[in-house]
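Undergrad: My questions will all concern the structure given below.
Residue numbers (our numbering), protein chains in the order written: chain A, 1016 to 1115; chain B, 7 to 313.
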């Protein structure tokens, strides 16, 4: 039995609407989730900002708006005092002692 | 650049240091031994021809003294006042009776001479008639002077002041050290405090910008008399070598002569009273080494210790 004349058009429309809805969902998700992020507690935490590595050329970059985030590594440090680096005393110019 | 000159004077090892630019010749240092020779000729009790020896043999009559001897006597008088009589030059006879009757390098390590069994407090310089207008001193019979440590501290201060016209200077007169000011680069002068139990090693390194440091001790100038150990720090209250638990006392003060006097006070007084006295004087900081090896620091000492 032959297809109905405009059945393919309907399918195409469904795909387009689905794609737009999916894209909008992702966009809104990304937009609102960024504002809802809570600041990270950084007491006793040492942070190190690293430059993002250059993506390989064969990888597609997904852009959802804004610059690519920097990678942040959190390193938890124990709260004990670090030992001071030892400095050696300067060589004395002279010495004091009982009169000699 | 720190230039050093070492020599012997006043029966001790001396060092003069002058901080000058690299291309400047330290000619001033060559003059220092001459200064000490002049002062020793005036202030030594071991030289038969010295001015002090002549003064000591002039008991009972006024003796006119030089500017140098007058100035050192005035310094000794002030030291006696500040130390409540514990540091006085009137101890010569007590020193001789204890066996210290010649310069230390000629002293036998042990003498068979028995100690006298009677000691008496010594007189004070404040009881001596000093006539300023005529610059005369009239010693009472039976009282003779030994300017020992006072003379060395005074000489270190005086030599440092003279050298400081050329640049930052330091003079060490047998352990009494005077410093004119910081080094040319702004750093304090590092000075070691010798360990009396291991003289080749230092117990501490202290950093001194200006002023004086001195150590008084019974670890080196000591000898046996009649089988009993004696030393050269006389307690004027008894006329005997001081009975104390302090082996050496090192003091930092505004001048070398003040440091010398304060170190003697701390040593004669003993660890407890000596430390209390150091703490009560805001211009002093000190460290005591006790006979049992303990180290005791006054609170202000931490300002000078190398960290």
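We put the CB at the ideal spot given by N, CA and C, even for glycine.
#1: Would you verify that the beta carbon of residue 1113 of chain A is, or is not, closer than 7 Å to some beta carbon of chain B?
#2: Counting only Cβ-Cβ distances shorter than 8 Å, please list the residues of the stretch 169-187 of chain B near chain A, keeping chain order.
#3: Starting from residue 314 of chain B, follow its DSSP beta bridges and name the residues at the other end.
#4: Name the chain A residues that come within less than 9 Å of residue 310 of chain B, Cβ to Cβ?
#5: List the DSSP bridge partners of residue 13 of chain B.
#6: Starting from residue 208 of chain B, find everything on chain A with Cβ-Cβ shorter than 9 Å and list it in chain order.
#7: Would you check if the distance between the CB atom of residue 130 of chain B and the CB atom of residue 94 of chain B is smaller than 7 Å?
#8: Looking only at its chain, what residues have a beta carbon closer than 6 Å to the beta carbon of residue 175 of chain B, apart from the 5 residues adjacent to it on each side?
#9: Does DSSP classify residue 247 of chain B as helix, strand or coil?
#10: Check distances from the C-beta atoms of the stretch 13-37 of chain B to those of chain A and list, in chain order, the residues that come in under 9 Å.
#11: Does the stretch 195-213 of chain B come close enough to the stretch 54-73 of chain B to have 3 or more Cβ pairs within less than 8 Å?
#12: I need the boundaries of the alpha helix (DSSP H) containing residue 154 of chain B, first residue and last residue.
#13: Please identify the residue among B:212, B:42, B:34 whose C-alpha is closest to the C-alpha of residue 1103 of chain A.
#14: Apart from the five residues just before and just after residue 283 of chain B, which ones in its own chain have a Cβ nearer than 7 Å to its Cβ?
#15: Could you check what DSSP says for residue 29 of chain B in three-state terms: helix, strand or coil?
#16: Is residue 55 of chain B helix, strand or coil when you go by DSSP?
#17: Taking residue 226 of chain B as the reference, which of B:237, B:216, B:218, B:217 has the closest Cα?
#18: I'd like the span of the beta strand (DSSP E) that includes residue 254 of chain B, first residue to last.
TA: Taking the geometry as given:
#1: Position 98 of the first chain, counted from the start, is the residue given in the question as residue 1113 of chain A. Answer yes: the Cβ-Cβ gap between residue 1113 of chain A and chain B drops below 7 Å somewhere.
#2: For the stretch 169-187 of chain B, which is checked against every Cβ of chain A, the residues closer than 8 Å are 176, 178, 180, 181, 182, 183.
#3: A query on residue 314 of chain B cannot be resolved here, the shown segment of chain B reaching from 7 to 313 and no further.
#4: The residue you call residue 310 of chain B lines up with position 304 of the second chain. Correct list: empty, because the minimum Cβ distance to chain A is about 12 Å.
#5: Walking along the second chain from the start, residue 13 of chain B turns up at place 7. DSSP lists B:20 as the beta-bridge partner residues of residue 13 of chain B.
#6: One-based indexing of the second chain puts residue 208 of chain B at position 202. Near residue 208 of chain B (Cβ distances below 9 Å), the residues of chain A are 1104, 1107, 1110.
#7: As a working mapping, residue 130 of chain B is identified with position 124 in the second chain. As a working mapping, residue 94 of chain B is identified with position 88 in the second chain. Yes, Cβ-Cβ distance for residue 130 of chain B and residue 94 of chain B is below 7 Å.
#8: Your numbering for residue 175 of chain B matches position 169 in the second chain. Around residue 175 of chain B, the same chain offers 24, 166, 169, 186 as residues with beta carbons nearer than 6 Å, after the five sequence neighbours per side are excluded.
#9: If you number the second chain from 1, residue 247 of chain B lands on position 241. Residue 247 of chain B carries a strand assignment under DSSP once its states are collapsed to helix, strand and coil.
#10: Listed in chain order, the positions of the stretch 13-37 of chain B with a beta carbon within less than 9 Å of a beta carbon of chain A are 16, 17, 18, 19, 21, 23.
#11: A contact between stretches requires three or more CB pairs, one per stretch, nearer than 8 Å, and the stretch 195-213 of chain B fails this requirement with the stretch 54-73 of chain B.
#12: Stepping through the second chain from its first residue, residue 154 of chain B is reached at position 148. For residue 154 of chain B, the uninterrupted alpha helix (DSSP H) segment begins and ends at 154-169.
#13: Position 88 of the first chain holds residue 1103 of chain A. Of the listed residues, the one whose Cα sits closest to residue 1103 of chain A is B:212.
#14: Your numbering for residue 283 of chain B matches position 277 in the second chain. Only 271, 272, 275 meet the Cβ criterion.
#15: In the second chain, residue 29 of chain B corresponds to position 23, counting from 1. Secondary structure at residue 29 of chain B: coil, using DSSP grouped into helix, strand and coil.
#16: As a first step, residue 55 of chain B must be located in the second chain, where it is residue number 49. Look at residue 55 of chain B here: in three-state DSSP terms it is coil, with no helix or strand label.
#17: Reading the second chain from its first residue, position 220 is the one you call residue 226 of chain B. For residue 226 of chain B, the nearest C-alpha among the options comes from B:237.
#18: By 1-based counting over the second chain, the position of residue 254 of chain B is 248. Taken as a continuous stretch (DSSP letters only), the beta strand (DSSP E) holding residue 254 of chain B covers 252-259.
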